[in-house]
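Protein chains in written order, with the numbering used here: chain A, 2 to 331; chain B, 2 to 331; chain C, 9 to 333; chain D, 9 to 333. The beta carbon of each residue, even a glycine, is placed where N, CA and C say it ideally should be. Down below is the structure, laid out as structure tokens.
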Ligand SMILES: Cc1ncc(C[n+]2csc(CCOP(=O)(O)OP(=O)(O)O)c2C)c(N)n1
Ligand SMILES: Cc1ncc(C[n+]2csc(CCOP(=O)(O)OP(=O)(O)O)c2C)c(N)n1
Ligand SMILES: [Mg+2]
Ligand SMILES: [Mg+2]
């Protein structure tokens, strides 16, 4: 969001982002408990500073490539809440009319080039978008978000090497929340820092950041985006964070030591950031107003999503091909 | 070859290995020029010190996993020349009765667990053999040979991480001959040393060796095999070398600067090693005898291979399944 | 006899074989400590320990490469690929390595291994977590492919797969995990390559697989009430394929309908239609008909997914229409 | 008119489209400086320079990921996968990402890209470098699949594929690279989804693809001399499939034979047989017959490979036997 140019405005924007993502995800969870969310869903509760900071730092025409855990990354680019929520509910007014679901949020209009549910697949695809931007000289950057567990799949390796040799304007953001689905990533990874300790294998500098600190994430994001836009190639960022809830839907995340959970809950990015702003002299009323607006938006989006109809049969056969249809025969 | 226990014997064994591999590959090339080799073939001319040294250093029951460029690695384990040559010629007396061809040499009896023609595929498979040895407590080690270009494919990354975390008794040997098929690997690789510069990404020490020096390769091989057998996990070796000919069959390898070719031909591992032995006081007659026997063996193998019949139709339907047949229906 | 869920049958089937044979190892993502993301492998770590039941990184090529290398050196691994859609990231190991190596080596190596995967739709997981990929495998020479439809078959076919000297893809229907069924006490061992006739009818044969078996059976009940008396066959094993049973029933009834969850083109149904017409053309009273998911990626929304996958109602109306023509 | 080899036609086809549209880029292993391992892309680097014609590392997932990302952001990439067997190492990008994303996003993204690959046997390359994988692709909704059999078709179908707004797998038959054919001067542009009737006969229809087209034609000559008068159809495009032309010829002749290089199970032949029986059952005078490579991995030795892949002789005797029954 280019408008957030002075520090005060930017910090409010960072707070706004995080609050909106938080409230949205909480609502998604409530709706799941009401049995209204169809299929699976993966929340970013606790990880909002990362998607939020990139949302503020990215240019409006930059590209986002997200995963199945992609609500936050999608909303952070300015996609309205209602169609995202409606997509989770499998409604016709969903972002993709219900055809994609929670794991495949896409809004090309906002630069959200898709959410990918096969581990690692979007990393080479983001390289392609970056290659295209480079060829077209558009100055756009592609940003791909992924988890710590994703660093062990082959596509990660191919994408990093490829991006490095072609000096592609792409930023790889590893959100290290310590866990894969239910397994601690350190138990199956040869190095302590799954992304940072691999950077040198691609001739890159390791970049380790506090993923729960929106200011630090904003600085790191800006540096990486600038570097990419300057033609200096990719950056691999490892942002340390923690998911507050389970991996998906009903996972109670019992595999995590309670002390660890407590420690990270105490480092919740949102209260920490609020305190920092207040300490820095920001008027609490401004923050309250942000929270209030965000909650109103979530409420309104919930109403709108719930009001959506089930998608009709005509959608089933639509858009397999560019001609709008599904026929495989002449 | 456990028998090669004293230095003199070991050095003669190393010379013997290299000479046999050299003569064999030259003969394979001649037979190709005679139009007798069916399909493709990829020679190891110039790279014999690596396969040869491992052949001497490995225990008889260790496992070799080779590539399409696998004649040398197969022969180095003691597989007789005739069936290998016959396989190249597509004859019934071939190592696999002609069903595999040059790219898939396998001799389980000699620990040669296959030659694989899809880049990188054998690296995770070697992990599996090593896992099995570890589980069975057999003390066997799996050794996988591959090229510099192979370090950029996803399977490489998955295999290295997997081997490291399970501390598998596996040795990964990257024969860096500077080129993929016709492309210089450095032009598409993010780091100068495609294997050694990746070791740290798997918590491993970089091991760089002169692949044209049989003594050095033997030392490096022994260290890696010992480490694996001691339960200390995998080693990733990068051995610098050069192929004297083209990538496969008719490739004239024009893409290589003549000065580079000359420089490496001057570092031909075999004359270098012969000179070293003679300088160290080894009787030249002993070396001559090794050469003579090797050439006799190649000649005899050529006769035997050429005498083989074309494989019969019954072989076509044999051994899709363990019951010996190919029926997919009851 | 005990009543088990399909989900519970998985762990029971694996445990039965791991108890019997110390060379049976099990590996996959989240399978050990967590008991599997579908809770299909709960208890295995406790009983067999972390040496035989192992959690892996998210490295499907390494998982299957490890299984292959272990199988060719004397072990009998069972590997889990969480969702069958993920075969796409390790397809090379499956089709180019595991499937072909026995043949290429003229029989020097064996691959007694089982690859389990959750297969199929119905859970509103969208196009990348809902595919029925049995046809991907059937099209590749060298792979055996089974799809159980009941808890008893899960155990019996798992035993058969583990004991088989060839690689077996064992596809578990995700939609069936919560379903229940009777399972005999003691060791349960089945045979690969046997279809099962669930119901014998005079007028038509419905041939179904996996999650479509209960639907075909329900459709046959309804059709029977309306005067169309159907045989229902559970294919169970695509390779080896029990053409004997299928051809006999189709010849007897004169009509065949396949009920397939997979997308339409080049499916096992097309193969069966081809076999039936090639071998029993003059026994047919009418054209064989395939009832399939249309040739589209699967949509996520419940309303759309339900329209895509063959329903009992669609089976009934398709059969009625064809029989009354 | 000029006579070109199939191999030369590749570079000419790509060049024609790159000249016309600056958004057409080309990438793959050894394709630029070396002109391709099959020498199919010689001269492209010289004409279009290293920004539009790029050598890649051995990273098939990156190659196709790059093509996909470029296609969805306004370019029209052509990617080479050297041998179609290698689709197995990047199958996820093809089937789960490229094929499904337009549908999943409700039409928000387009994938105007072409993936070329050398396909099929005949070169004694063994089981991992000789496969005919057209059926792998046909079984996946969302991919278009073409297989040219002549130099003119290479150029015309390449143009159609590059200009098409959907992803097209363009399978080049390795065995045909050295074959020659007439090519019109000037721009050559064909249409996807049109089969070609090469020869019209009264008694039977032979339907062939790629490398099997010249063999089916040669077989038809011999069969004609023996009194069996055959139509020969070159399918050319599996998706979209020209069922119109095929059904019409089969209905007219009453008999259908498919000639397929791919292994037997679940092939395009099985799909065609199923379509034909479903839609033209009562026009058939006898069972459709599939002539295929057996369901085995391909052996390397020349003697064995020649036995595996359908030969002119096998086509002739199979048709004769079926027609005289
Ligand atoms: C190829 C593949 N393998 C496995 C999965 C199943 N899976 C989905 S999310 C996940 C864990 C990913 O962990 P991480 O990369 O740390 O991301 P996080 O979920 O923590 O954000 C796994 C194993 C998948 N979707 N794709
Ligand atoms: C997955 C895959 N991609 C591409 C190829 C084609 N190919 C065969 S050998 C080769 C070059 C390999 O280079 P390197 O790893 O350096 O080994 P070298 O041949 O030099 O020994 C390539 C690209 C292949 N066999 N498999
Ligand atoms: Mg994680
Ligand atoms: Mg090399």
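Using only the alpha-carbon positions, how far apart do residue i and residue j sit?
i	j	result
residue 2 of chain A	residue 223 of chain A	Confidence is the limiting factor: at residue 2 of chain A the pLDDT is only 41, short of 50, which leaves the residue's position unreliable, though a coordinate-based value still follows. About 12 Å.
residue 198 of chain D	residue 178 of chain D	14 Å
residue 151 of chain A	residue 80 of chain A	26 Å
residue 32 of chain B	residue 20 of chain B	18 Å
residue 327 of chain D	residue 98 of chain B	32 Å
residue 5 of chain A	residue 78 of chain A	For residue 5 of chain A, the predicted model reports a pLDDT of 41, less than 50, meaning its position is unreliable and no value from the coordinates is stated.
residue 334 of chain D	residue 41 of chain D	The shown model of chain D, from 9 to 333, leaves out residue 334 of chain D, and the question about it has no answer.
residue 214 of chain D	residue 282 of chain D	16 Å
residue 107 of chain B	residue 75 of chain B	7 Å
residue 190 of chain A	residue 265 of chain A	22 Å
Any heavy atom of ligand 4 inside 7 Å of the beta-carbon of residue i?
i	result
residue 186 of chain B	yes
residue 149 of chain B	yes
Taking DSSP as the reference, what is the three-state secondary structure of residue i?
i	result
residue 24 of chain A	helix
residue 58 of chain D	helix
residue 28 of chain C	helix
residue 269 of chain C	strand
residue 243 of chain B	coil
residue 57 of chain A	helix
residue 319 of chain C	coil
residue 206 of chain C	strand
residue 330 of chain A	strand
Just to confirm, does residue i get its C-beta within under 7 Å of one of the non-hydrogen atoms of ligand 3?
i	result
residue 64 of chain A	no
residue 178 of chain A	yes
residue 181 of chain A	yes
Taking 7 Å as the cut-off, is the beta-carbon of residue i closer than that to any non-hydrogen atom of ligand 2?
i	result
residue 43 of chain B	yes
residue 118 of chain B	yes
residue 268 of chain D	no
residue 34 of chain C	no
residue 71 of chain D	no
residue 90 of chain D	yes
residue 97 of chain D	yes
Give the interface partners of residue i over in chain A, defined as CB-CB distance under 7 Å, in chain order.
i	result
residue 252 of chain D	331
At 8 Å on the CB atoms, spell out the chain B contacts of residue i, in chain order.
i	result
residue 165 of chain A	191
Can you tell me whether residue i sits near ligand 1, meaning its C-beta is under 7 Å from at least one heavy atom of the ligand?
i	result
residue 94 of chain C	yes
residue 144 of chain A	no
residue 228 of chain B	no
residue 69 of chain A	yes
Anything in chain D within Cβ reach of residue i, meaning under 8 Å, just list it in chain order.
i	result
residue 308 of chain B	Result: empty, since nearest Cβ-Cβ is about 15 Å, beyond 8 Å.
So which residues of chain C does residue i contact, with C-beta pairs closer than 8 Å?
i	result
residue 183 of chain A	38, 41, 42 and 45
Using the beta-carbon of each residue, which ones in chain C are nearer than 9 Å to residue i?
i	result
residue 304 of chain D	111, 149 and 150
In chain C, what lies closer than 7 Å to residue i by C-beta?
i	result
residue 114 of chain A	In chain order: nothing, as chain C lies at least about 16 Å away.
For residue i, which residues in chain A fall below 9 Å Cβ to Cβ?
i	result
residue 114 of chain D	95, 96, 97, 98, 99, 100, 101, 107, 316, 319 and 320
According to a CB-to-CB cut-off of less than 7 Å, which residues of the region 117 to 151 of chain B neighbour chain D?
-> 118, 119, 120, 150 and 151
Below 9 Å between beta carbons is the criterion; list the residues of the region 192 to 219 of chain B that meet it against any residue of chain A, in chain order.
-> 192, 193, 198, 199, 200, 201, 202, 203, 204 and 205
Chain B contacts from the region 55 to 67 of chain D (Cβ-Cβ distance under 9 Å) | 63, 64, 65, 66 and 67
Can you list, in chain order, the residues of the region 170 to 184 of chain D whose Cβ is nearer than 7 Å to any Cβ on chain C?
-> none
Residues of the region 137 to 167 of chain D with Cβ closer than 8 Å to any Cβ of chain B, in chain order = 137
If you measure beta-carbon to beta-carbon, which residues of the region 298 to 322 of chain C are closer than 8 Å to chain A?
-> 302, 303, 304, 305, 307, 308, 309, 310, 311, 312, 315 and 316
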